[in-house]
Amino acid sequence: MFTIAKETAWCPGCGNFGILQGLKEGLDSLNLEPHQVVISSGIGQAAKTPHYISANMFNGLHGRSLPAGIGIKLANKDLTVIVESGDGCSYGEGGNHFVHAVRRNLDITHLVHNNQVYGLTKGQASPTTAKHQQTELQSEGVQLEPLNPLTLALTLGAGFVARGFFADRKQLAALIAEAISYRGYALIDILQTCPSFNKVNTLKWYKERVYYLSAEHNPADMGQARIKAEEWGERIPLGVIYKRETAEYGAHNTVINANPPLVDLPLKPHDAKRFMDEFR
Amino acid sequence: MFTIAKETAWCPGCGNFGILQGLKEGLDSLNLEPHQVVISSGIGQAAKTPHYISANMFNGLHGRSLPAGIGIKLANKDLTVIVESGDGCSYGEGGNHFVHAVRRNLDITHLVHNNQVYGLTKGQASPTTAKHQQTELQSEGVQLEPLNPLTLALTLGAGFVARGFFADRKQLAALIAEAISYRGYALIDILQTCPSFNKVNTLKWYKERVYYLSAEHNPADMGQARIKAEEWGERIPLGVIYKRETAEYGAHNTVINANPPLVDLPLKPHDAKRFMDEFR
Amino acid sequence: MDFTVLIGGAAGQGMDTLGMMLAKSLKTLGFHVFLHRDYMSRIRGGHNFVKVRFSNRPVLSHADEVTVIVALNAETIELHSGQLSEDGRVITLENGGKVPPNLQKRTIQLSSADIVERSGNKRVAGTAALSCVLKLFGLPLAALSDTIVTVFAGTTAVANETAAQMGYDAAETKFHAEAPAPWDNIFINGNEAVALGALAAGCKFYAGYPMTPATSIMTYLAKKANDAPILVEQAEDEIAAINMALGASYAGVRAMTGTSGGGFALMAEGVSLAGITETPLVIAVAQRPGPATGLPTRTEQSDLSFVVHAGHGEFPRLVMALRHPEDAFYQTARAFNLAEKYQIPVFLLTDQYLADYTQTVAPFDFARVSIERSLATAVQAGEYLRYELTDTGLSPRIVPGKFPGKLVYVDSDEHDEAGRITEAAAVRKSMVEKRQRKGAALHPELLEPEYIGCDEPKVLIVCWGSTYGPVREAVLALNQQNHAVGALVFGDIYPLPTKMLERYSRQASKLVNLEQNATGQLASLIRQHTGLACDHSLLKYDGRQWSKDEVIAALIKEVL
Amino acid sequence: MDFTVLIGGAAGQGMDTLGMMLAKSLKTLGFHVFLHRDYMSRIRGGHNFVKVRFSNRPVLSHADEVTVIVALNAETIELHSGQLSEDGRVITLENGGKVPPNLQKRTIQLSSADIVERSGNKRVAGTAALSCVLKLFGLPLAALSDTIVTVFAGTTAVANETAAQMGYDAAETKFHAEAPAPWDNIFINGNEAVALGALAAGCKFYAGYPMTPATSIMTYLAKKANDAPILVEQAEDEIAAINMALGASYAGVRAMTGTSGGGFALMAEGVSLAGITETPLVIAVAQRPGPATGLPTRTEQSDLSFVVHAGHGEFPRLVMALRHPEDAFYQTARAFNLAEKYQIPVFLLTDQYLADYTQTVAPFDFARVSIERSLATAVQAGEYLRYELTDTGLSPRIVPGKFPGKLVYVDSDEHDEAGRITEAAAVRKSMVEKRQRKGAALHPELLEPEYIGCDEPKVLIVCWGSTYGPVREAVLALNQQNHAVGALVFGDIYPLPTKMLERYSRQASKLVNLEQNATGQLASLIRQHTGLACDHSLLKYDGRQWSKDEVIAALIKEVL
Ligand SMILES: Cc1ncc(C[n+]2csc(CCOP(=O)(O)OP(=O)(O)O)c2C)c(N)n1
Ligand SMILES: Cc1ncc(C[n+]2csc(CCOP(=O)(O)OP(=O)(O)O)c2C)c(N)n1
Ligand code: SF4
Ligand code: SF4
Ligand SMILES: [Mg+2]
Ligand SMILES: [Mg+2]
């Protein structure tokens, strides 16, 4: 239902294909129609994803997928809003929006295609690139500590924090469906290969490391969640790291909660006259 | 030595006075002269601080005290660089710089006057304002989760994380001196009253809650640090929450490390000719 | 009659409340009132003042000359006694400080100690000063009492009444102020008028980040949020604010953001996004003196060129300079219609002077506000084309989610009619031309500037925005002195409407731009659009608004 | 002689490497070479091409007509066969796809299967095509072999040699290309020239965030970081980048940042900060088609107005449009001197065309680069006044930390001479005027545009920046056909130097602006500064650079 035939602008073998597929399948598994879904994206290779899927699209500015998505959701709470972009877009240029979007806890799903590199601009380090990893620009290796989006989201109070993997689109589809169904801000950081520019985090590299969180993992337990969120290197956990019910923004904001979607409100100039009368 | 007679633009009773005093005393306690120190600040009431002290000042844009301070330190590693601003400036407008400055771990000291409100613009909520606290703008109370700068800095890998209190300028002076002496990025979030706009977090409120971390607290222990960083409400710990040695940016960046301060490098056009010759 | 009362003191001493109480009392009495605010970028201390000008005829700006000074501290007398009219009076409270010998005879010293003692309230001395003012003008105390009742309750009201009586008894009437025939009016400032205009226009979403002098638009709207309803979102920064507003607009609500120069600089990329995605947006830019932080609480008109050119790339936009509160209301409402009709960003250019001054004006006529959403109500079969190429450049716009099977693709990259990314040269060309056509289509909408002055002006002033008030008063005064002066005050300013300018500039022998900036930005724009060069520039850039008196003096000295 | 070889295929097929190998071989042979890049905003797939033009006389731009097409895929033939000269040739590799019947006779089909088999390497078929090209022009294979040795080593080099021999044997010479007398040259593109200029000028700090087409300045500098040395900092966003650069400049190093339109939009507030703090800064703005993301890898000149007016408030600045690689080098070096002398932001306005084309040019003369830091070497006793009021508006600037007892206070608020925050009207006024005086002092530094053409032009073209190459070639060609055409190509563009413009426009009967944008931004600027209106506009805005051929055709069709 969400599939359209569109030639992509991605490189052969790119991890984005798996994520696109996972997203389509995740959406298909829900009781949603394309016109009820909006995908807000930024700029980058990942950010082209909504071009290849049947859903409304706001393909805005590099780094600004979150605020645009927030505006959309606030304007029309009936829409399912997915914010989708790359690691550079989401955690670099858009870092401030990420921090504050978690705090705002609006009911949106945030999918980050994390290829640990700036793909579209040809391979510079992103905030998640490993320390010492070399790129054309960082020829002596990256000198900053990588940012861990999962621990960051946890620290900021996110209620749904998960890690996906491009190469397992079934699991990814299920994760995405679960994130969309979650009421509040939900982050899925999705591990993705970039065969063109990231020669370190290859499919093989990932396959040697990733594993699924077992049923023993209790995503409601912050202590466990933290340990799993921090795990990186030899072993990398996949799945829902943390999940708990939270007070979603739209549910406790009076203007949103007490009204139909803002977009459906009637506009009558005369209704505002009483405010003017207070100036008499 | 760092004291100058300058009338301030602050309200009587403002917590900024205590912080200014603590900063002066902290600087005085170190073997530094005013011309060796630069304070980079943003815009807000806190950001006016460098106007009232004898040291170099770069009083830049709202939210941008960190990048300017980083540029200064990178250009001249011999300078002692203090970045000083309010909670709104540092965690709101400047949130992205905060996140990435921690990752960069340059040898600067970051002092945040945290009055949990936007003072200069008359009392709107800042990222640290408590949930449900009312302001003129947030008349139904703040609807976002407050941001905890200490846990955030810890999560991002900061090597020096402390909390100061405006009303104890001795402790504050000692903390500031320790932070300046620390090699790497050091954050002190300084609790401050704003009698004009923050009627919740008053001196009384703080006095009922703050306590000093005892000698039992081991700042090198991340587990303990985390617990203390998260403590807020009934009891609020003061002092060095976390401290460990880290690889400071300037020490491992070849250009900085292998050279005198960049500002002292001789400029000779002809030295670049060899690069041109590669295009022959 | 035309009087001004200045109330001065340190920030935090309550000049604002006192000014409002006095102004409201005068309003109650039927006067035309103009309240001007001059304040520093600090919360306590320093020196702030308000000027309350009132008359039996309309007052459109502040005056230099002051009839009565209410000095809450000594500095006020030092700083302002030079502006006191010859027969002017000073009212001090004890802490009003030392009065210079030459003024002592004209000073009424109220003892705040006495007032505090008798009223039992520490904060009512100012009220005594106000009643003293009323008495000086021979006005009834009742007007103040009415105001007190609306502002204070219980014992505080009683204490204020006591103080008012004391102040009233302390002076004798010196001036004759007669109110005009009763007239219906509201007492409102520029930002409140903008906010009301937005509410009338059905704005349902406002995202912003606090920045003087724009903040009070957001604050006002937030207070009405549940009632209106309107969602007011304080964003983490201005970049988020404009992108949220664009998202909301895309989703189909009327959306707005507002800020001042520095915040607007951060929005420039978003403006460009509005341009290429053709997302309607209303953006209020409340100017203050720059560059950078500049003088945060003062006034200037130095962001015109920036706003006109802000954002990379080329796309149509509309910039309206707001001239006075009524204009602010109607233009704001109109801005929403035009933003949606042409699917462009529309700018409301205001400044600290207009944002903050409060004036008695005729109530706004809500019947004059119509809502034209210009949304497509039906869509053709087949794929929906968000950027369908049409003769006017305008494509049918639908709200996402409202038409099953129809999807709305918008893209910041160059795109084809469906909104999909493209690099084809021909498509690029057609999309650039489509956007240009929208700009051309916009021209007939432009409102010509307002002309003020005699029929055959020899000197033609061109100005814009908030200098309307001072210039209007100055021109009319000069006309009375038989100077053949006229003024064109631009409201719609970009694209620049040029018909009246061309007509009047042919008649006039001198073209003079009068602006609140240092480089003459309107003059540049005029030259760019018409080739006309101004013969003389009157520029002010100290952060204080041109007064009518300064306009008159400058014209007489330099031009007439 | 004047030939063009086009190499086309999908992104990732290595056109860039092939183009460079061919160009370097031709350079080795002594030709003047111009390599133009046309690529999509994607990493693999799509359609990219390079054009290698070479001649025995200087070549300053790309040509429309193509002598040889090297088609790495079928699409290349489809898209480009229309540009093939009458006697032109096509070289395909097997995967070069189906050749249309009318071209078959002029096509040389190389079998990549054969080449792979014989050479034992999958990636050398392109090399065979290159040698085939050489043969077609009667040029020695040795030139390519030389290049191969510098690019590849070991067995890869051997495989390339084998392929080269195969390609060389596959064709017969069709064209006569004779190299000029040997001349000393370098082969360099615009961004490399900017970077070299910065290094020559002693730039020690570059902060940026990747954005096409500016990124390669940063990448080049980063490669030389340890050697130069220069610190290259990838910031978290463009706002950080400009603020870091300003901090570094304040601390006394020559600092620079660079970006493209969208990133620059985010820097606008920082530009304003540079303005009020009087912090020197060099900012490269590499233009691409907007608005917003637009066409990220293509070219346009649509940010002139924005750059000229970017940042709120009023302050002096200098904008230089770079015209060609040599200009880029010398102007960049000059920019650092002027930024420090006038303590202002200086902009280098370039675009994707200039950023990416590589050209053989005379080696840069490093002796022409002088470093004038304009720093105060001594300070007066007493408090150091960072903003001391002087006749020129220029205040002695010192580096913080270098003078014990002296402190450097800079402030984004309006400030007094010492750099302390102030709200005093008189101080504000004097500081505005100080900054304005700097702008006035700057005027004598301005370099007039370069004039190209006959002595008494009837038609005067005005253009700027990277259209230099195509316009120069077009004008000289038209002059040869006895058309009385001339062109003024602006380098320094804001403030606009107007002397030559006024002189030549008096002579010419038609003034024509030729620009790579849709609104004629130079024409606007000219009108604003001089009142002169252009009689005709030649505008191109499809993201592809004006070629000399298009310039000639447009002039003949619309103007001459
Ligand atoms: C304001 C701005 N700065 C820079 C760019 C250039 N840019 C485009 S995509 C990109 C990086 C993308 O990286 P990421 O978000 O990780 O996406 P990926 O391509 O890796 O999927 C950058 C820097 C831009 N378009 N806008
Ligand atoms: C770009 C920009 N946006 C907004 C402002 C307005 N502004 C000035 S200070 C301030 C808030 C200051 O809050 P904080 O940093 O907490 O400092 P405080 O005044 O509380 O010490 C704001 C929003 C500005 N100067 N620049
Ligand atoms: S550059 Fe990397 S992320 Fe982008 S499409 Fe190619 S492989 Fe995928
Ligand atoms: S507003 Fe608050 S923070 Fe600012 S000076 Fe006054 S009391 Fe201090
Ligand atoms: Mg990425
Ligand atoms: Mg604060």
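Residue numbers (my numbering), protein chains in the order written: chain S, -14 to 265; chain Z, -14 to 265; chain E, 6 to 565; chain P, 6 to 565.
All C-beta atoms in this analysis are idealised placements derived from N, C-alpha and C, irrespective of residue type, glycine included.
- Listed along the chain, the chain S residues whose CB falls inside 8 Å of the CB of residue 239(P) are 109, 110, 122, 123.
- In the same chain as residue 480(E), and ignoring 5 residues on each side of it, the C-beta atoms closer than 6 Å to its own belong to 457, 458, 490, 492, in chain order.
- Membership of residue 350(E) in the beta strand (DSSP E) is indicated by the continuous run 350 to 356.
- When CB distances to chain P are screened at a threshold of 9 Å, the residues of the segment 82 to 104 of chain S falling below it are 103, 104, in chain order.
- What residue 140(Z) touches in chain S, judged by beta-carbon distance under 7 Å, is 136, 137, 140, going in chain order.
- Cβ atoms of residue 497(E) and residue 452(E) come within 8 Å of each other, at about 5 Å.
- Judged by DSSP in its simplified three-state form, residue 435(P) adopts helix.
- A residue is called buried once 16 or more other Cβ atoms fall within 10 Å of its Cβ, and residue 305(P) is buried on that count.
- If one requires a minimum length of 3 residues, the beta strand (DSSP E) runs lying completely within the segment 178 to 213 of chain Z are 195 to 197, in chain order.
- Secondary structure at residue 29(P): helix, using DSSP grouped into helix, strand and coil.
- Residue environment: residue -9(Z) is assigned as exposed (fewer than 16 neighbouring CB atoms within 10 Å of its CB, all protein chains considered).
- For residue 111(Z), no alpha helix (DSSP H) segment is defined, and its DSSP state is neither H nor E.
- Residue burial is scored here from C-beta neighbours: residue 343(P) has at least 16 other C-beta atoms within 10 angstroms and is therefore classed as buried.
- Of the candidates 0(Z), 26(Z), 53(Z), 53(Z) places its Cα closest to the Cα of residue 248(P).
- DSSP places residue 308(E) in the coil class of the three-state scheme, outside both helix and strand.
- In its chain, beyond the 5 residues on either side, 216, 219, 291, 293 have a beta carbon closer than 6 Å to the beta carbon of residue 265(E).
- The count of Cβ pairs closer than 8 Å, one atom from the segment 22 to 38 of chain Z and one from the segment 71 to 89 of chain Z, reaches three, so the stretches are in contact.
- With a beta-carbon spacing of about 31 Å, residue 139(S) and residue 37(S) fall beyond the 8 Å limit used to define contacts.
- Not one beta carbon of chain S lies nearer than 8 Å to the beta carbon of residue 547(E).
- For residue 67(E), none of the residues of chain P pass the 7 Å Cβ criterion, the least Cβ distance being about 15 Å.
- Across the segment 309 to 322 of chain E, CB contacts with chain P closer than 8 Å involve 310, 311, 313, 314, 315, 316, 317, 318, 319, 320, in sequence order along the chain.
- Taking the C-beta atoms as reference points, residue 143(S) is found no nearer than 8 Å to residue 176(S).
- Around the beta-carbon of residue 193(S), fewer than 16 other beta-carbon atoms lie within 10 Å, marking it exposed.
- Taken in chain order, the members of the segment 514 to 535 of chain P whose beta-carbon sits within less than 7 Å of a beta-carbon on chain E are 522, 523, 524, 529, 532, 533.
- By the neighbour-count criterion, in which 16 or more other beta carbons inside 10 Å mark a residue as buried, residue 440(E) falls on the buried side.
- In chain order, 100, 151, 177, 178, 179 place their CB closer than 7 Å to the CB of residue 0(S), counting only its own chain and leaving out the 5 sequence neighbours on each side.
- Counting only Cβ-Cβ distances below 8 Å, residue 434(P) has contacts in chain E at 546, 547, in chain order.
- Under the three-state reduction of DSSP, residue 59(P) is assigned to strand.
- For residue 59(S), the neighbours in chain E by C-beta distance under 9 Å run, in chain order, 210, 212, 236, 238, 249, 252, 253, 256, 258.
- Distances from the CA of residue 113(S) to each of 201(S), 202(S), 119(S), 102(S) were compared; the closest alpha carbon is that of 102(S).
- Taking each of 89(P), 132(P), 502(P), 67(P) in turn and checking the Cα distance to residue 30(P), the smallest one comes out for 132(P).
- Residue environment analysis places residue 212(Z) among the exposed positions, since fewer than 16 neighbouring C-beta atoms fall within 10 angstroms of its C-beta.
- Counting only runs that start and end inside the segment 109 to 156 of chain S, the beta strand (DSSP E) elements of at least 3 residues fall at 145 to 150.
- Closer than 8 Å to the CB of residue 128(Z) there is at least one CB belonging to chain S.
- Straight-line spacing of the CA atoms in residue 12(S) and residue 61(S) works out to 19 Å.
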